[in-house]
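Enquirer:
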Amino acid sequence: MRRAALAAALVILAAVPWWVGGTYYVNIASQILFYGIFALGVNVLAGYAGLVSLGHAGLFGIAAYAGARIMNNGHGHIAVTTGALALTLVAAAIFAVLALRGTGLGFVMITVALGQIVWGVAYRWISITNGDNGIAIRDRPSPLGLSLASPAGFYWATLAVFLVAVVSMAIFVASPFGASLRGTRDQPRRMNALGYHVWMVRFLAFLFSGFWSGVAGLLYLYYNQFVSPQAVALTASAEALLMVISGGTATLLGPIVGAGLVVIVKNVASAYIERWNFVLGAIFVVIVVFMPEGLVPGTQRLWRWARAAASGPRVSAAG
Amino acid sequence: MSLWLVLAVNSITLGGLLFLLSAGFSLIFGLMKIPNLTHGSFFMLGAYLATSLIARGMDFWTAALVGGLLVAALGGIVERLILRRLGGAELAQVLVTLGLSFMIADVCLMVWTGDPIRIATPSALRGATSLFGLRFPTYRLAISLIAVVFAVALWALLDRTRLGAMIRAGVDDPAMARVVGIRVSRLFTIVFCLGAWLAGFAGVIGGPILSVYPGLDQEMLPLALVVVILGGSGSLLGSLVGSFVVGFLYNFGQAMFPELAYVVLFLPMLIVLVVRPQGLFGRQTA
């Protein structure tokens with residue numbers, strides 16, 4: 014049953030370019046996938062570690078900028094990918110060492126500051142980042158001779174990466190490491206007493222989270238073939254967090270649903286109104302105030318309730 | 000006047016403005032335990048409101064007071080209607096302040112458009128003043144003086160009045176403060192309004208130097224964050240010292256490494272975090 018549903022979902026996902034109708038929608042689907050990867054990365058910290066980061070757009074942006082620079086220096090796509098991801102991991106390690114000086118709100122504040130440093134570099138260090146004008150790249154990669162230039166080609170490549178991300182998240186959540194990370198979120202002192210190195214667990218989780226944020230940043234670069242300080246702004250970090258929170262933290266499906274919600278609302282809203290930031294802020298406020306658990310856990314609760322209500326009468330009818 | 004002296008004067012002026020901004024931020028953080036991410040928006044909104052008030056014929060100082068009051072009223076509404084509902088859920092409160100900051104920024108863009116607006120320097124304070132045989136821009140001296148006056152007034156408020164004693168009690172141990180009969184939740188509103196007022200007022204008097212433009216909020220907020228991380232939250236002295244450190248770093252950094260000014264600004268913060276995470280003047284909390 015579960016396997017059949019999973020297989021059906023895979024088929025539906027893989028077939029998106031045929032049934033969704035139009036390249037515009039295929040592109041939106043690609044956006045949902047790479048923002049979904051980003052949200053999954055943010056969720057490792059915000060959901061499973063209880064560490065809310067408002068600086069992850071910095072890591073996302075470092076990967077995108079590094080990729081753009083390496084590519085424009087004439088290197089191939091393998092060098093771009095490995096170089097950008099290696100640099101993102103180094104940056105994530107530095108972020109982690111500094112941000113893990115605090116927990117809770119201290120962590121939030123430090124990540125805001127770190128994210129703003131990256132933004133400041135992107136915006137002001139013009140000789141490296143070309144400032145507000147951003148950096149454009151020539152073309153998308155063609156791994157194994159497959160061209161990603163078409164929307165459908167790019168979609169499938171993103172889908173492949175996305176599936177790897179989801180599987181790695183599922184393995185991570187079920188693993189002893191995932192369990193120990195949740196332990197450090199709920200009972201850091203007991204975990205410490207049990208002999209776990211709480212700091213190291215969080216540090217590794219930060220690297221894992223940073224890695225997928227970097228992958229998403231690289232896909233963002235390939236998708237847009239352009240990166241500017243906008244990708245690194247506090248708004249971008251907040252959007253990623255909104256995806257996680259609106260979908261439901263510490264769930265596998267939540268961040269993906271949230272990414273879909275934000276990307277669709279963003280595209281729909283920006284078609285009708287200019288004030289996307291206002292809508293974003295308002296959604297944030299409404300969700301936090303009225304639906305703090307997020308959409309996926311909220312719907313799950315409703316579903317359980319509905320099933321219980323539906324099975325209740327049947328039992329009484331049988332008896 | 001030499002370049003270095005100009006930079007020093009500018010640094011002190013920026014430090015003064017930052018003190019007004021971050022003192023409220025620090026008090027709110029110390030008492031309510033939330034970094035109020037709308038604080039930069041309050042600064043910008045105060046300045047924008049004042050431009051409209053001045054355009055309707057109000058004089059600069061009245062506009063500064065009234066602009067601050069309007070922002071304080073907004074702060075009060077936010078605290079009473081939204082933050083209060085989320086009592087205790089600190090993370091949710093932070094996220095709400097972030098959402099509000101986007102909404103305020105967008106409303107400002109809609110009302111006052113994207114063009115920078117300059118607030119005219121009050122006529123009495125134009126020109127330069129001679130001091131110790133050197134000539135200083137009068138308005139910048141005035142801002143430094145205002146910052147000093149506010150620093151003394153806030154210190155007196157916190158250290159010498161009954162309200163101040165209650166706020167300090169709330170910062171140190173909210174549960175115990177409640178037990179001895181202090182209405183901590185009312186303190187929250189008072190401190191939030193006071194902080195919002197200070198930020199709005201700072202935005203107005205900063206207007207003649209910085210101008211008002213979209214993005215000013217996102218530029219000031221990290222500065223306030225750095226000040227509070229440097230100085231330690233809930234500490235007035237920490238805000239004062241942190242503000243001037245940041246003021247100097249920002250101006251000298253911009254003169255010496257224009258492309259990296261923003262990064263230079265964060266270095267001392269990183270050092271403090273590594274060496275003394277509670278901030279220079281913060282107390283270690285359990």
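Chains as they are written, first to last, in our numbering: chain D, 14 to 332; chain G, 0 to 285.
Note that beta-carbon positions come from the ideal geometry of N, C-alpha and C, so glycine has one too.
The structure presented is a predicted model; accordingly, all values stated were derived computationally and were not measured.
1) In the DSSP assignment, find the unbroken alpha helix (DSSP H) run with residue 133(G) in it and report its ends.
2) Using 8 angstroms as the Cβ pair cut-off and three pairs as the minimum, do the region 124–144 of chain D and the region 261–273 of chain G touch?
3) Considering residue 127(G), what are the terminal residues of the beta strand (DSSP E) in which it resides?
4) In this structure, what does DSSP give as the bridge partners for residue 374(D)?
5) In chain G, what lies closer than 9 angstroms to residue 73(D) by C-beta?
6) For a test of the three-state rule: what should DSSP assign to residue 42(G), helix, strand or coil?
7) Quick one: what's got a C-beta closer than 7 angstroms to residue 280(D)'s C-beta in the same chain, skipping five residues either side?
8) For residue 37(D), count neighbouring C-beta atoms within 10 Å of its own C-beta (all shown protein chains included) and say buried if the count is 16 or more, exposed if not.
9) Hey, does residue 171(G) have any beta-carbon neighbour from chain D nearer than 8 angstroms?
10) Identify the contact partners of residue 265(G) in chain D, using a Cβ-Cβ distance below 9 angstroms as the criterion.
11) Is residue 120(D) close to chain G, meaning its C-beta is less than 8 angstroms from at least one C-beta of that chain?
12) To the nearest angstrom, how far is the alpha carbon of residue 328(D) from that of residue 187(D)?
13) At the level of alpha carbons, what is the spacing between residue 92(D) and residue 179(D)?
14) According to a CB-to-CB cut-off of less than 9 angstroms, which residues of the region 84–98 of chain G neighbour chain D?
15) Could you tell me the boundaries of the alpha helix (DSSP H) in which residue 238(D) lies?
16) As an exercise, report each continuous beta strand (DSSP E) stretch of at least 3 residues that is fully enclosed by the region 81–160 of chain G, in chain order.
17) Flag this pair as yes or no: are the beta carbons of residue 233(D) and residue 244(D) separated by less than 8 angstroms?
18) Anything in chain D within Cβ reach of residue 211(G), meaning under 9 angstroms, just list it in chain order.
19) What is the rounded straight-line gap between the Cα of residue 322(D) and the Cα of residue 261(D)?
20) According to DSSP, is residue 33(D) helix, strand or coil?
21) Are any of the Cβ atoms in chain D nearer than 8 angstroms to that of residue 244(G)?
22) Which of the three DSSP states, helix, strand or coil, is assigned to residue 334(D)?
23) Quick one, are the C-beta atoms of residue 46(G) and residue 196(G) less than 8 angstroms apart?
24) Can you grab the Cα-Cα spacing for the pair residue 127(G) / residue 144(G), in whole Å?
25) Does the Cβ of residue 86(D) have 16 or more other Cβ atoms within 10 Å, making it buried, or fewer, making it exposed?
26) Output, in chain order, the set of chain D residues within a Cβ distance shorter than 8 angstroms of residue 114(G).
27) Does residue 261(G) get closer than 8 angstroms to chain D when you measure Cβ to Cβ?
28) Say whether chain G places a C-beta atom closer than 8 angstroms to the C-beta of residue 9(D).
29) Can you give the Cα-Cα distance for residue 166(G) and residue 100(G), rounded to whole angstroms?
30) Give me the chain D residues within the contact set of residue 102(G), using Cβ-Cβ distance strictly less than 8 angstroms, ordered along the chain.
31) Out of 104(G), 200(G), 39(G), 185(G), point me to the one whose CA is closest to residue 162(G)'s CA.
32) Hey, out of 123(D), 31(D), 27(D), whose CA is closest to residue 270(G)'s CA?
33) Just to confirm, are residue 72(D) and residue 226(D) a CB contact at a threshold of 8 angstroms?
34) Please classify residue 211(G): does DSSP put it in a helix, a strand, or coil?
35) Could you give the distance in angstroms between the alpha-carbon of residue 74(D) and the alpha-carbon of residue 131(D)?
36) Measure from the C-beta of residue 258(G) to each C-beta in chain D and report whether the shortest distance is under 8 angstroms.
Expert: The answer reads as follows:
1) First-last for residue 133(G): 133–136, but that is the beta strand (DSSP E), not the alpha helix (DSSP H).
2) yes
3) 127–130
4) Within the shown structure, residues of chain D are numbered from 14 to 332, placing residue 374(D) beyond reach of any answer.
5) The contacting residues do not exist; residue 73(D) stays about 17 angstroms from chain G at best.
6) helix
7) 41
8) exposed
9) no
10) 126, 127, 129, 130, 133
11) no
12) Any answer about residue 328(D) is weak, because its pLDDT of 47 lies below 50 and its placement is not dependable; what the coordinates show is given next. C-alpha separation (whole angstroms): 35 angstroms.
13) 25 angstroms
14) 84, 85, 88, 89, 90, 91, 92, 93, 94, 95, 97, 98
15) Premise fails: residue 238(D) is in no alpha helix (DSSP H) and is neither H nor E.
16) 127–130, 133–136
17) yes
18) Result: empty, since nearest Cβ-Cβ is about 18 angstroms, beyond 9 angstroms.
19) 24 angstroms
20) coil
21) no
22) The first residue shown for chain D is 14 and the last is 332, placing residue 334(D) beyond what the model contains.
23) no
24) 15 angstroms
25) exposed
26) Neighbours of residue 114(G) on chain D: none; closest Cβ ~16 angstroms, over 8 angstroms.
27) yes
28) With chain D represented from 14 up to 332, any question about residue 9(D) goes unanswered, as that position is not in the structure.
29) 26 angstroms
30) 290, 291, 294, 295, 298
31) 185(G)
32) 123(D)
33) yes
34) strand
35) 8 angstroms
36) yes
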